[in-house]
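Working notes, structure below.
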Amino acid sequence: MSAAAPRSVIIAGATSGMARACAAVFAREGYAVALGARNDEENERIANDLRVRYGGTAAAIHFEAADFDSHEGFLTACAEALGGEAGGLIYFAGTMAEQRAAEQDFTLARTMIDVNYTGCVSLTEAFARRCEARQAGFIGLVSSAAGDRGKQSNYIYGSTKGAMTVYAQGLRNRLFKSGVSVTTVKPGFVDTAMTFGMKLPPALTASPEQAAEAIFRGVVRRRDVVYVLWFWRYIMLIICAIPEWQFKKMGM
Amino acid sequence: MLSGWGRMSPAECEVVRPAAPSHLSDATAGTGTWIARGLGRSYGDQAVNAGNRVLDLTQMNCMLGFDAGTGVVECEAGVSLEALIDTFLPRGYFLPVTPGTKYATVGGAIANDVHGKNHHAVGSFGNFVESFRLMTAEGNLLDCAPDQNSEVFWATVGGSGLTGAIVSARVRLQPVETGYVTVDYERCKNLDDVLARAHDGDDRYQYSVAWIDCLAKGGSLGRSVLMRGNHTPLSGLPTALSGNPYPGTARRMAIPFDFPGFVLNAASIKAFNEVFYLRHHTRQGVVTDWNTYFYPLDQIKKWNRMYGKRGFAQYQATFPEESVNGIVRLLERLSATRRASFLAVIKRMGSPNAGLLSHPIEGYTLNLDLPNRSGLVDFLHELDRILLDHGGRLYLAKDVCAKAETFAEMYPRLGEFRAVRNRLDPNNRLASNQARRLKLVEVPA
Ligand SMILES: Cc1cc2nc3c(=O)[nH]c(=O)nc-3n(C[C@H](O)[C@H](O)[C@H](O)COP(=O)(O)OP(=O)(O)OC[C@H]3O[C@@H](n4cnc5c(N)ncnc54)[C@H](O)[C@@H]3O)c2cc1C
Ligand SMILES: NC(=O)c1ccc[n+]([C@@H]2O[C@H](COP(=O)([O-])OP(=O)(O)OC[C@H]3O[C@@H](n4cnc5c(N)ncnc54)[C@H](OP(=O)(O)O)[C@@H]3O)[C@@H](O)[C@H]2O)c1
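Read top to bottom, the protein sequences are chains A and B.
Counting in my numbering, the first sequence runs without a single skipped number right up to 252 at its last residue.
Counting in my numbering, the second sequence runs without a single skipped number right up to 1445 at its last residue.
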């Protein structure tokens, strides 16, 4: 058994609807939180909210997912604010450009790849080294069911999440012997800014608060894969079971 | 499609949901009109704006600060009353005034100047608002308090969102020793009985409300159960509860689908009312947790589905002290037309404040839930007439179909309100369905 991780966590992409709700659950449960976001004003607004509500440590620290070279410095700043290395990291940062637009304009595709995947690998690798060194920690990577199967309607975004899912599997494998857990989160539909205005079926859509509770539970219990609403696991099993020759004709 | 909590007359609107106050100016840019919306707990078309923009402000819900000495919380307007309780009850503070639901926002509570079971004692929500920041239709940020931009302050308190979007507010909470209320129940045999008891005894209680059986007739007309209470002091808590003086919220059950229209019929409502009266004997000193006492309906998520797809109206009629016999006329019309109300409550109201469109006046207020059956609108107009004849007024948070003339007669300060509004919103960017119907804003010809 590894040493107990300190009760503190880094939330990368803290201005996301889901991240904010999740940071609140950690703060409520007594964790010190370091919030990373690229918009400093919004980040401080959220950190202050957590301090007023829960009274613990909540620090806002500048984080730019696509500025890979800054990631070591970001982790060091987090450790300073938390008074020691963070117990865990959860990566929420992500963007989803409209698929058709991304097909026409590679810069849009590139941003998704940089933020959702490359930024995740860059930050998580740096954090993993720190965890390995002290043989403790937990990591949560917010991927997506969209990464389980490529669909014409959003395969570029989906591929960044697919890569993230495979990355998480390998990392979990590597860190297992160090007592560090890696949890892949597949939220399903969640009502956040990313999906606002889309016609999502209400029964399949979770609130950010529901997602946050599920992520918190999954991560601290060191689960491998977390679905927010249980039936999403089965929805994806069915979608993935359709043979490719048939799937390609379905226009999904 | 967007509607109020009563789900009558839904309309297609363009809904935007700014993630933070800094997104407000983008959210209101462009042409067309807009109106703020909180948790959508007003019953009618107050936070609906057909073919135009509605600003869902529920994500603008950060706490900004709390002074543990004075109990003043500063928060963004989208913070829910539930969040205030969750956060500050464990520190010994409760809402100074609360409506019958905790799923309302601070912005909504100000915009309707909501009242609670303690109106007779402390007045409405606006009395506890130390200040707020308003974004006007012109995009200016205005800090308002009773002694700063006071005209705008009192136009906004009860102003139905028509002066702009409240961005944040400072609200004075009340200190409480526990999260419980010690309740006395008294059965009252008719309307005179309940009014007399409320008149004589309410001073001894912070909270007072009576549930009224609106199916009882003749000599029993207005038979009711008076439910009054005070915050339980720590010394008044039974030992079994004293370990946890500030209980949290329990889980809720949901109504997962619309009930068919026939479920709530005259017979089932009569049965409910019968049982309610019989179950509530006169009892003293019942220690009740805050959630059960203040928010019985919140225990059932989406309870508005109980009334089926056609929805329902809530009718709130407030009569001045001297013409309470108007209540008798209303109740008589109700039983004559067999329009039973599932829930009806009556409450004594205290002194009004300076809100130009704030609803409370000193006297008695009656609240009815009416399923949307054919002829409802005409019937409500008939009730409006009775109300008007008795110098009473309706409440904008509940109104669904009143006529502009009726409203203008009930609210003599409407002219002053319009004047403040015209100054703040010269280009008429703010509007809602209700505001157009009642001519609270200039309506293009
Ligand atoms: C079960 C139940 C019980 C109730 N009991 C009571 C009661 O006892 N007493 C009482 O007074 N009311 C009562 N109400 C009514 C309710 O308290 C009010 O309608 C309240 O305004 C709802 O708040 P909301 O956040 O849902 O606002 P909404 O319904 O979304 O909006 C109401 C109004 O507030 C405005 N508004 C909302 N947010 C802002 C903002 N940030 N800036 C400017 N304007 C804004 C809107 O434009 C609209 O005009 C009850 C409602 C329910 C469903
Ligand atoms: N909502 C869903 O249904 C759903 C489903 C499956 C997976 N997900 C995933 O869940 C995660 C959280 O998303 P959400 O739904 O909460 O949506 P969201 O509110 O749009 O959150 C996205 C977050 O990513 C941040 N971000 C974007 N580019 C960044 C950059 N270059 N550097 C740093 N941060 C950056 C955004 O910051 P700004 O605020 O500064 O823009 C924002 O905080 C995402 O990874 C998303 O892919 C969501």
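Yeah, the Cβ is synthetic: ideal placement off N, Cα and C, and Gly gets one too.
Under the three-state DSSP convention, the category residue i falls into
i	result
I46/A	helix
Y1180/B	strand
T1239/B	helix
F1342/B	coil
R1204/B	helix
W1034/B	strand
Y1307/B	helix
S1335/B	helix
D1045/B	coil
Q1148/B	strand
S144/A	coil
K177/A	helix
S1025/B	helix
R1373/B	coil
I242/A	coil
G1116/B	coil
R222/A	coil
H62/A	strand
D114/A	helix
R125/A	Here the sequence assigns Glu to residue 125/A, which means Arg is not the residue at that position. E125/A: helix per DSSP, three-state reduction.
F1417/B	helix
E998/B	Here chain B has residues from 1001 to 1445 only, and residue 998/B is not among them.
Q1284/B	strand
R233/A	helix
G1326/B	helix
Cross-chain neighbours of residue i in chain D, by beta carbon under 8 angstroms
i	result
T1087/B	Absent from the structure: chain D. Protein chains present are A and B.
Burial state of residue i, where buried means 16 or more other Cβ atoms lie within 10 Å
i	result
D191/A	buried
S16/A	buried
Q104/A	exposed
A1029/B	exposed
L1438/B	buried
L204/A	exposed
M1349/B	buried
T107/A	exposed
M1/A	Unreliable positioning characterises M1/A in this predicted model, as indicated by a pLDDT of 39, which lies under 50. A coordinate reading is not provided.
Residue i: CB within 7 angstroms of a non-hydrogen atom of ligand 2
i	result
S144/A	yes
N39/A	yes
N173/A	no
S16/A	yes
F189/A	yes
Residue i Cβ short of 7 angstroms to ligand 1 heavy atom set
i	result
H1115/B	yes
I1085/B	no
P1146/B	no
R1037/B	yes
P1444/B	no
I1166/B	yes
S1003/B	no
T1105/B	yes
S1022/B	no
A1431/B	no
N1112/B	yes
T1101/B	yes
Q1299/B	no
R1041/B	yes
Is it a yes or a no for the stretch 1166-1173 of chain B touching the stretch 1201-1213 of chain B, going by three-plus beta-carbon pairs under 8 angstroms? no
Evaluate the contact criterion for the stretch 1106-1118 of chain B versus the stretch 1034-1050 of chain B: three or more CB pairs, one atom per stretch, below 8 angstroms. Yes, since at least three Cβ pairs between the stretch 1106-1118 of chain B and the stretch 1034-1050 of chain B fall closer than 8 angstroms, the two stretches touch.
Assess, as a yes-or-no matter, whether the stretch 1090-1097 of chain B is touched by the stretch 1116-1129 of chain B under the definition of 3 or more beta carbon pairs within less than 8 angstroms. Judged by Cβ distances under 8 angstroms, the stretch 1116-1129 of chain B makes contact with the stretch 1090-1097 of chain B, as three or more pairs qualify.
Any chance the stretch 154-165 of chain A sits against the stretch 112-124 of chain A, with 3 or more Cβ pairs inside 8 angstroms? yes
Between the stretch 23-34 of chain A and the stretch 51-70 of chain A, can you find at least three pairs of beta-carbon atoms closer than 8 angstroms? yes
Evaluate the contact criterion for the stretch 1399-1414 of chain B versus the stretch 1140-1153 of chain B: three or more CB pairs, one atom per stretch, below 8 angstroms. no
State whether the stretch 1041-1050 of chain B contacts the stretch 1005-1017 of chain B, with contact taken as three or more CB pairs (one from each stretch) at a distance under 8 angstroms. yes
Under 8 angstroms, with one C-beta from each stretch per pair, do the stretch 1053-1067 of chain B and the stretch 1143-1159 of chain B reach the 3-pair mark? No, the stretch 1053-1067 of chain B does not touch the stretch 1143-1159 of chain B.
Stretch pair the stretch 205-213 of chain A + the stretch 228-235 of chain A: three plus CB contacts closer than 8 angstroms: yes
Is it the case that the stretch 1264-1284 of chain B contacts the stretch 1064-1082 of chain B, given that we only count it when at least three CB pairs across the two stretches are under 8 angstroms? no
Three or more C-beta pairs below 8 angstroms linking the stretch 1153-1163 of chain B and the stretch 1181-1188 of chain B: Result no; under three Cβ-Cβ pairs closer than 8 angstroms.
Decide yes or no for the touch test of the stretch 1211-1225 of chain B against the stretch 1328-1341 of chain B: beta carbon pairs closer than 8 angstroms, at least 3 of them. yes
For the stretch 82-98 of chain A against the stretch 4-14 of chain A, are there 3 or more C-beta pairs whose distance is under 8 angstroms? yes
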